[in-house]
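Visitor: FYI, the numbering for the sequence shown is 1 to 208, going by the UniProt record's numbering.
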Amino acid sequence: MFTGIVEELGEITAVEQSGDAARMRVRGPVVTGDAKHGDSIAVNGVCLTVVDVDGDEFTVDVVHETLERSSLAKAEVGRGVNLERAMAANGRFGGHVMQGHVDGTGVFLHRDADDLTHFAFPPRLGRYIVAKGSVAIDGVSLTVASVSPEELTIALVPTTLSLTTLGRTAPGDVVNVEVDVLAKYVEKQTAGGTSSLSVDNGGGKEDG
Numbered sequence: 001m002f003t004g005i006v007e008e009l010g011e012i013t014a015v016e017q018s019g020d021a022a023r024m025r026v027r028g029p030v031v032t033g034d035a036k037h038g039d040s041i042a043v044n045g046v047c048l049t050v051v052d053v054d055g056d057e058f059t060v061d062v063v064h065e066t067l068e069r070s071s072l073a074k075a076e077v078g079r080g081v082n083l084e085r086a087m088a089a090n091g092r093f094g095g096h097v098m099q100g101h102v103d104g105t106g107v108f109l110h111r112d113a114d115d116l117t118h119f120a121f122p123p124r125l126g127r128y129i130v131a132k133g134s135v136a137i138d139g140v141s142l143t144v145a146s147v148s149p150e151e152l153t154i155a156l157v158p159t160t161l162s163l164t165t166l167g168r169t170a171p172g173d174v175v176n177v178e179v180d181v182l183a184k185y186v187e188k189q190t191a192g193g194t195s196s197l198s199v200d201n202g203g204g205k206e207d208g
């Protein structure tokens, strides 16, 4: 489990394609401080399993499903990524409950004159996004300022802009979106059936 409080801004140092999957190496001095094989680290909001740790870098395998459903399909050397280790049982809960299972990709649109950042998202996610509710964009826990059927706005504070990739995002850039898992459970209970995302939440935990 993650909370969306990014621990550091890392950097992709190598990407090796292997068929329809990829092996990626990421530099992150903070998250590698106690990382070991089998640990979970969220990379731009995608929960990945550590294969190997070498100094301040760690290696992960990214399967086809994740490449298809997340922005990691566009991963390239030199790209900055948000990094967060899985939350310790005795850790401080600073953001909101996140699984590292990306529900879809959105697009950064623009920042307006009121310093609100606008993102487009797949219409099928609209039912899970509410004003003043929580959403994760590229692994960052954020509060929704306003929402329409296919667009949401966020009031990003200077600290978030400077310490995460969201301060470097340009119009048209693809971002990972994870909606609040509590909304999925509420939908399932009230509908008496299965959440519409239960079989469509790619970009989740890899087997390492």
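Where a beta carbon is used, it is the ideal one built from N, C-alpha and C, also for glycine.
At the level of alpha carbons, what is the spacing between Met87 and Val26?
Guide: For Met87 and Val26, the distance between alpha carbons rounds to 19 Å.
Visitor: Would Gly104 pass as a contact of Val186 if the rule is Cβ separation under 8 Å?
Guide: Not a contact, by the Cβ cut-off of 8 Å.
Visitor: Over what stretch of residues does the beta strand (DSSP E) that includes Gln189 continue unbroken?
Guide: Run containing Gln189: none in the beta strand (DSSP E); it sits in the alpha helix (DSSP H), 181-191.
Visitor: Could you round the C-beta distance between Val31 and Leu48 to whole angstroms and report it? I think they count as a contact, below 8 Å.
Guide: So it is not a contact: roughly 11 Å between Cβ atoms.
Visitor: Reducing DSSP to helix, strand and coil, say where Arg127 ends up.
Guide: In this structure, Arg127 counts as helix in the three-state DSSP scheme.
Visitor: What number of angstroms, rounded off, separates the C-alpha of Leu125 from the C-alpha of Leu142?
Guide: Going by the C-alpha atoms only, they are around 16 Å apart.
Visitor: Using DSSP with H/G/I as helix, E/B as strand and the rest coil, what is Arg92?
Guide: In the structure shown, Arg92 sits in coil (DSSP, three-state: anything other than H, G, I, E or B).
Visitor: Relative to the C-alpha of His101, which residue among Ile137, Asp115, Asp54 is closest?
Guide: Closest by alpha carbon: Ile137.
Visitor: May I ask which residues mark the beginning and end of the beta strand (DSSP E) holding Thr49?
Guide: 46-54 is the span of the beta strand (DSSP E), which, as asked, contains Thr49.
Visitor: Is Pro158 closer than 8 Å to residue 214 when the C-beta atoms are compared?
Guide: Because the chain in this structure spans residues 1 to 208, residue 214 falls outside the shown range and cannot be described.
Visitor: I need the straight-line Cα distance from Gly139 to Glu11, nearest angstrom please.
Guide: Taking the straight line from one Cα to the other gives about 15 Å.
Visitor: Between the C-alpha atoms of Gly208 and Asp112, what's the straight-line distance to the nearest angstrom?
Guide: At Gly208 the pLDDT is 34, less than 50, meaning the model places this residue with poor confidence and gives no usable figure here.
Visitor: If you compare alpha carbons, which of Thr164, Val77, Ala131 is closest to Pro149?
Guide: Looking at the Cα atoms, Ala131 is the closest of the given residues.
Visitor: Are the Cβ atoms of Val179 and Val144 separated by less than 8 Å?
Guide: In this structure, Val144 does not lie closer than 8 Å to Val179 by Cβ.
Visitor: For Ala191 and Phe2, I'd like the C-alpha separation in whole angstroms.
Guide: Those two C-alpha atoms are separated by around 27 Å.
Visitor: Helix, strand or coil, according to DSSP, for Thr153 in the structure here?
Guide: DSSP places Thr153 in strand when its eight states are reduced to three.
Visitor: Assuming Leu116 contacts Ala155 (C-beta within less than 8 Å), just tell me the rounded distance between them.
Guide: Indeed they touch by this definition, with Cβ atoms about 6 Å apart.
Visitor: Rounding to the nearest angstrom, what Cα-Cα distance links Val43 and Met98 in this structure?
Guide: Their Cα atoms are separated by approximately 13 Å.
Visitor: Can you give me the C-alpha to C-alpha distance between Val15 and Thr164, rounded to a whole angstrom?
Guide: Distance between the alpha carbons of Val15 and Thr164: 21 Å.
Visitor: In this structure, does DSSP put Arg79 in helix, strand or coil?
Guide: Three-state result, Arg79: coil.
Visitor: How far does the alpha helix (DSSP H) with Thr105 in it extend, from its first residue to its last?
Guide: Per DSSP, Thr105 belongs to no alpha helix (DSSP H); it is in the beta strand (DSSP E), 104-111.
Visitor: Under the rule that 16 or more other beta-carbon atoms within 10 Å means buried, what is Val46, buried or exposed?
Guide: Val46 should be labelled buried.
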